[in-house]
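Participant: Take 1 as the starting number for the sequence shown in the working numbering and just add one per residue. Glycine residues also receive a C-beta, built at the ideal position from the N, C-alpha and C atoms.
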Amino acid sequence: SPYDYIVVGAGAGGLVAADRLSETGKKVLLLERGGPSTGETGGNYIAPWAPGTNLTKFDVPGLFESMFNDGNPFWWCKDINVFAGCLVGGGTSINGALYWLPPYSDFSPGAGWPNSWGNHAPWTEKLKQRLPSTDAPSTDGKRYLMQTFNVVSKLLSSQGYRQLTINDAPDQKDHVFGYPAYNFQGGKRAGPVATYFRSAKTRPNFTYKLYTNVLNVVRNGAQITGVKTNDTSIVDGVYPLTQRGRVILSAGSFGTPRILFRSGIGPSDMLNIVKNHAEAGRFIPPDNQWINLPVGYNVSDNPSINLVFTHPDIDAYDNWAPIWNSPRPADAAQYLKSQSGIFSQASPRINFWRAYGAPDGRTRWLQGTGRPGAASITTSYPYNASQILTITTYLSSGITSRGRIGIDAALTARPLIGPWFTDPMDKQVLIQGINDLLSNMKNVSGLRLITPDNTTTITDYVNNYDPGSLNSNHWVGSCIIGTQGKAVVDENTKVFGTNNLFVIDASIIPSMPMSNPHGAIMSAAEQGVARIIALSGGP
Ligand code: ABL
């Protein structure tokens with residue numbers, strides 16, 4: 001039977017949208033291509049040290065670093081060539097869960113948002129009501145493994161930074177540092193899965209299906225009549241819409257563009273790839289129905305550069321290597337007993353921000369994240385591996401570089417033009433930020449930079465950084481919101497040239513948010529879905 005609203009994708013955007021739509025009493029279908037994640041959703045990928053519990057890899061915050069060195073990482077989307085989460089919760093089920101309430105600037109006209117989005121604060125307030133943040137996630141209220149915080153905060157304090165509870169003052173992002181804020185609750189990953197999805201599931205007018213991959217929307221000119229999926233149990237795999245029904249794409253910065261391409265919406269080079277594909281070519285609308293929009297352009301992602309240090313006070317936590325198979329017994333036991341201790345937190349231990357003016361008149365922000373351990377070390381120095389820490393330096397709001405994403409002949413979604421440092425000013429500011437950060441290391445006795453070492457300058461280190469490693473997994477902008485002719489969706493998140501197709505996910509965000517973006521994405525979803533509900537002509 002047909003649905004009033006079909007939401008495609010159960011990530012940060014889709015879960016917020018599906019829950020709010022289901023509140024209206026309309027018939028809502030949520031389709032997720034992946035499977036369950038946390039125990040609550042039916043997930044059962046449980047660490048060998050937690051038998052008999054429903055504490056999956058996705059529930060236990062301290063297992064975050066094991067996402068990157070697992071033998072069977074079934075949660076990554078296999079047809080997207082950067083990290084993307086194909087499971088319930090999307091990225092929010094596998095990320096470090098850093099959860100920041102957006103500052104005013106994230107949704108300002110200056111950031112590319114339509115003027116009508118200007119007063120966005122009430123939507124962030126709604127998000128906060130549903131999903132508060134915490135910077136002390138252990139159930140006993142204590143903070144653990146804080147050596148990295150202590151060392152890095154000493155460095156920052158000597159540069160005029162001050163400590164704040166970051167989410168108490170979202171607009172203060174210059175020379176501030178604080179404890180990481182997370183979306184955890186009760187010592188477990190929470191996010192939209194344990195909040196929005198949980199409430200949607202209680203409503204009889206809400207249905208969801210897992211392992212259901214939406215390939216394209218079924219479209220007759222401007223009118224969408226349903227979505228075509230891989231579901232072989234229904235006719236042609238098509239889930240139909242009611243007559244005034246609507247589809248909301250929430251498949252992410254790579255997934256949503258691909259669905260649009262396969263539906264005949266986007267630049268003609270991408271649509272021709274679809275047309276020439278043996279399978280997908282059978283379902284793309286005829287050329288005279290193609291809708292030419294800049295899908296895949298205007299993409300940004302934070303360029304990030306890792307700096308690795310050692311300090312005698314640091315406990316690098318065995319670089320997180322044994323956490324899945326043979327964790328420190330006392331820490332595992334403590335977590336199992338009371339969801340407290342080291343396993344109740346992801347790896348980050350400190351975050352900081354600093355604003356930079358530049359000769360082009362724009363302000364750009366540097367963000368930093370400090371954690372024990374390191375993903376990779378290149379050094380000519382001898383070093384003590386049990387004392388390593390990493391500071392990741394990101395360039396965030398204000399970046400001007402843009403790239404392009406698209407699909408290849410196999411329909412794998414991938415960056416076509418990397419979005420990092422296409423404007424040399426971005427690189428110049430990040431280099432300046434790194435130099436400033438390192439300028440007075442002497443003030444912290446025992447702190448030693450090992451990557452880069454003294455065989456290279458910071459400028460060369462940044463210039464020679466592997467472009468693939470600049471990726472921060474924070475892609476936004478591939479279905480940019482804005483005005484006709486320049487954007488993919490209008491101020492109500494409706495795809496230009498269609499009557500009833502909408503996008504609510506990271507892809508509509510016009511420029512890089514201030515911080516790790518899942519909070520900004522959920523906040524955008526709150527306003528976006530309210531606009532869809534208020535828009536006339538719907539079910
Ligand atoms: C983020 O926002 C980034 O997207 C992640 O890349 C980052 O995690 C988390 N937050 C936490 O700061 C890092 C891991 O700590 C590394 O071990 C890993 O190699 C890297 O992601 C991969 O991108």
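(1) Rounded to a whole number of angstroms, what is the C-alpha to C-alpha distance between VAL193 and VAL88?
(2) Pull up the CB-CB distance for ARG531 and ASN492, whole angstroms please, since I reckon it's below 8 Å.
(3) Return the first residue and the last residue of the alpha helix (DSSP H) that PRO240 is part of.
(4) Closer than 7 Å to a non-hydrogen atom of ligand 1 - does that hold for the CB of THR92?
(5) Can you tell me whether THR459 is buried or exposed? The criterion is at least 16 other CB atoms within 10 Å of its CB, across all chains shown.
(6) Considering only residues of the same chain and omitting the five flanking positions on each side of LEU470, which have a CB-CB separation below 7 Å?
(7) Between the alpha carbons of GLN223 and SER263, how many angstroms are there, rounded?
(8) Pick from GLY9, TYR161 and PHE58: whose alpha carbon is nearest that of PHE352?
(9) Taking DSSP's pairing of strands, which residues face ILE273 in a bridge?
(10) How many Å lie between THR242 and ASN325 at the Cα?
(11) Below 8 Å, how does it come out for the stretch 191–211 and the stretch 90–101: are there three or more Cβ pairs, yes or no?
(12) Going along the chain, which unbroken runs of the alpha helix (DSSP H) with 4 or more residues stay wholly within the stretch 113–184?
(13) Restricting to runs no shorter than 4 residues, where is the alpha helix (DSSP H) found entirely within the stretch 447–508?
(14) Please return the same chain residues whose Cβ sits closer than 6 Å to the Cβ of SER158, not counting the five positions on each side in sequence.
(15) Starting from SER304, follow the beta strand (DSSP E) in both directions and report where the run begins and ends.
(16) Measure from the alpha carbon of ASN298 to the alpha carbon of each residue in ASN44, GLY482 and ARG362, then state which is nearest.
(17) Just checking ASN183 against ligand 1 - is the residue's beta carbon closer than 7 Å to any of the ligand's heavy atoms?
(18) Within the stretch 363–423, note down every full beta strand (DSSP E) run reaching 3 residues or more, in order along the chain.
(19) Please report the distance separating the alpha-carbon of ASP331 from that of VAL214.
(20) With a threshold of 7 Å, establish whether the CB of PRO348 neighbours any heavy atom of ligand 1.
(21) Which residue's Cα is closest to the Cα of TRP113: GLN527, ALA534, PRO539 and GLY537?
(22) Is the CB-CB distance between VAL429 and ALA358 below 8 Å?
(23) Should GLY370 be listed as close to ligand 1, given that the test is whether its C-beta is under 7 Å from any heavy atom?
(24) Go ahead and label VAL235 buried or exposed: buried means 16 or more other beta carbons lie within 10 angstroms of its beta carbon, across all protein chains shown.
(25) Could you give the DSSP three-state label for ASP426: helix, strand or coil?
(26) Using only the alpha-carbon positions, how far apart do GLY289 and GLY252 sit?
(27) Looking at ligand 1, does it come within less than 7 Å of SER253, judged from the CB to the closest heavy atom?
(28) Measuring alpha carbon to alpha carbon, tell me which residue in ALA321, ALA487, ILE533 and ILE521 is nearest PRO102.
(29) Any contact of the stretch 306–318 with the stretch 382–399, i.e. 3+ C-beta pairs under 8 Å?
(30) To the nearest angstrom, how far is the alpha carbon of MET514 from that of GLY110?
(31) With a threshold of 8 Å between beta-carbons, can LEU366 be considered close to chain C, or not?
Facilitator: Looking at the coordinates:
(1) Within the sequence shown, numbered from 1, the residue matching residue 193 stands at position 193. Within the sequence shown, numbered from 1, the residue matching residue 88 stands at position 88. Spanning the two alpha carbons is a distance of roughly 7 Å.
(2) Here residue 531 corresponds to residue number 531 of the sequence shown, with the count starting at 1. Here residue 492 corresponds to residue number 492 of the sequence shown, with the count starting at 1. The Cβ separation is near 5 Å, so the contact holds.
(3) Sequence index remark: in the sequence shown, residue 240 carries index 240 (1-based). Note, PRO240: premise wrong, no alpha helix (DSSP H); beta strand (DSSP E) at 238–249.
(4) Within the sequence shown, numbered from 1, the residue matching residue 92 stands at position 92. It does not: the Cβ of THR92 is nowhere closer than 7 Å to a heavy atom of ligand 1.
(5) Here residue 459 is taken as the residue at index 459 of the sequence shown, counted from 1. By the neighbour-count rule (16 or more Cβ atoms within 10 Å), THR459 is not buried but exposed.
(6) To locate residue 470, count along the sequence shown from 1; it is residue 470. Around LEU470: PRO303, SER304 and TRP420.
(7) Position 223 of the sequence shown holds residue 223. Position 263 of the sequence shown holds residue 263. The straight-line gap from Cα to Cα measures roughly 12 Å.
(8) To locate residue 352, count along the sequence shown from 1; it is residue 352. It is TYR161 whose Cα lies nearest to the Cα of PHE352.
(9) Reading the sequence shown from its first residue, position 273 is the one you call residue 273. None, per the DSSP bridge assignment.
(10) Counting from one through the sequence shown, the residue named residue 242 turns up at place 242. Counting from one through the sequence shown, the residue named residue 325 turns up at place 325. Each residue's alpha carbon lies about 50 Å from the other.
(11) yes
(12) 121–130 and 147–157
(13) 458–463
(14) Mapped onto the sequence shown, residue 158 falls at position 158. Answer for SER158: ASN440 and ASN443, listed in chain order.
(15) As a first step, residue 304 is located in the sequence shown; it is residue number 304 there, counting from the start. SER304 -> beta strand (DSSP E) spans 304–310.
(16) Here residue 298 refers to the residue found at position 298 when the sequence shown is read from its first residue. For the residues ASN44, GLY482 and ARG362, the minimum Cα distance to ASN298 belongs to GLY482.
(17) As a position in the sequence shown, residue 183 is number 183, starting the count at 1. It does not: the Cβ of ASN183 is nowhere closer than 7 Å to a heavy atom of ligand 1.
(18) 363–372, 388–395, 404–407 and 413–417
(19) The residue you call residue 331 lines up with position 331 of the sequence shown. The residue you call residue 214 lines up with position 214 of the sequence shown. Rounded to the nearest angstrom, the two C-alpha atoms are 42 Å apart.
(20) Sequence index remark: in the sequence shown, residue 348 carries index 348 (1-based). Yes, ligand 1 has a heavy atom inside 7 Å of this Cβ.
(21) Start at 1 with the first residue of the sequence shown, and residue 113 comes out as number 113. The residue with the shortest Cα to Cα distance from TRP113 is GLN527.
(22) Translated into positions along the sequence shown, residue 429 becomes position 429. Translated into positions along the sequence shown, residue 358 becomes position 358. The answer is yes: Cβ separation under 8 Å.
(23) Position 370 of the sequence shown, counted from the start, is the residue given in the question as residue 370. False, no ligand heavy atom lies under 7 Å from that Cβ.
(24) Position 235 of the sequence shown, counted from the first residue, corresponds to residue 235. Exposed is the call here.
(25) The residue given as residue 426 occupies position 426 in the sequence shown. Correct three-state label for ASP426: helix.
(26) Translated into positions along the sequence shown, residue 289 becomes position 289. Translated into positions along the sequence shown, residue 252 becomes position 252. Going by the sequence as given, residue 289 is Gln instead of Gly. Each residue's alpha carbon lies about 24 Å from the other.
(27) Against the sequence shown, residue 253 aligns to sequence position 253. Checking the Cβ of SER253 against ligand 1 gives no.
(28) For the purposes of this step, residue 102 is identified with residue 102 of the sequence shown, where counting begins at 1. Looking at the Cα atoms, ILE521 is the closest of the given residues.
(29) yes
(30) As a working mapping, residue 514 is identified with position 514 in the sequence shown. As a working mapping, residue 110 is identified with position 110 in the sequence shown. The alpha-carbon atoms of MET514 and GLY110 are separated by roughly 13 Å.
(31) Any reference to chain C falls outside this structure, which holds one protein chain only.
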